[in-house]
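Residues 1 to 144 (this note's numbering) are what the sequence shown spells out, left to right.
Positions of the beta carbon are idealized from the N, C-alpha and C atoms, including for glycine.
Owing to the predicted nature of the structure, the values given are computational and were not obtained by experimental measurement.
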Amino acid sequence: MADKLEDVWTARDYPVLREIARRVDAGESTRPTEVGGALGFTEDELARSVSALARTGYVVEMGGFSGHGWVHEVTPKAYVVTGLHPSADDAVDRFVEALNQAADQVDDEDDASALRKMARTALSVSTDVVGAVLGAVATRAAGM
């Protein structure tokens, strides 16, 4: 069995993605010299990272500058992996936490028991199912 290649996600690509996502969200420049400088990466390291991130669907490179480290935008996938947007797991965890907090705050023991049971049930169902239900409830509440 061949040895695996060295992990570039942890040391190079994820820090670059976090910095670019932070800058895009804040409306700041994603100029390669600024992003690379903030992280201590050379322009070549940054360009290789951005190319890898583009190939794996995390960023969209700026037209005409492909391979040079210029980023036009980050994808929804990047928002989730960097924490700017919650994942389905994050949403379920927050929902369960809210149910347990509500159970601790109500005076009626039957209501508290029902809330705790709902929290346990949410944890026993697929995250995708609970996430879809929460998304549908939020969409309906927003009048969409």
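For G135, which of A102, V106, D89 has the nearest alpha-carbon? With distances taken between Cα atoms, G135 lies closest to D89.
Exposed or buried, S49, counting other C-beta atoms within 10 Å across all chains shown (16 or more means buried)? Taking all protein chains in view, the Cβ of S49 is crowded by 16 or more other Cβ atoms within 10 Å, so the residue is classified as buried.
Please state if the CB of V24 and the CB of E73 are separated by a distance shorter than 9 Å. Yes, the Cβ-Cβ distance between E73 and V24 is below 9 Å.
Can you grab the Cα-Cα spacing for the pair E148 / I20, in whole Å? In the structure as shown, the chain begins at 1 and stops at 144. Residue 148 is therefore absent and cannot be evaluated.
Note down, in chain order, each residue of its chain lying with its Cβ closer than 7 Å to the Cβ of L39, except the 5 sequence neighbours on either side. Counting only Cβ-Cβ distances below 7 Å, and skipping sequence neighbours, we find P15, V16, E19.
Who are the Cβ neighbours of L84 in its own chain at under 7 Å, not counting the five residues just before and after it? If we look at L84 and ignore the five residues flanking it on each side, its Cβ neighbours are A21, D25.
For V35, count the other beta carbons within 10 Å of its own beta carbon; 16 or more makes it buried, fewer makes it exposed. Which is it? V35 should be labelled buried.
With burial defined as no fewer than 16 other Cβ atoms inside 10 Å of the residue's Cβ, what is the status of L99: buried or exposed? Burial of L99 is indicated by the presence of at least 16 other C-beta atoms within 10 angstroms of its C-beta.
In terms of DSSP beta bridges, what is E61 paired with? DSSP output for E61 lists V71 as bridge partner(s).
Taking the alpha helix (DSSP H) that F95 belongs to, which residues open and close that run? Taken as a continuous stretch (DSSP letters only), the alpha helix (DSSP H) holding F95 covers 88-105.
In terms of residues, what are the limits of the alpha helix (DSSP H) holding K117? For K117, the enclosing alpha helix (DSSP H) stretches over residues 109-124.
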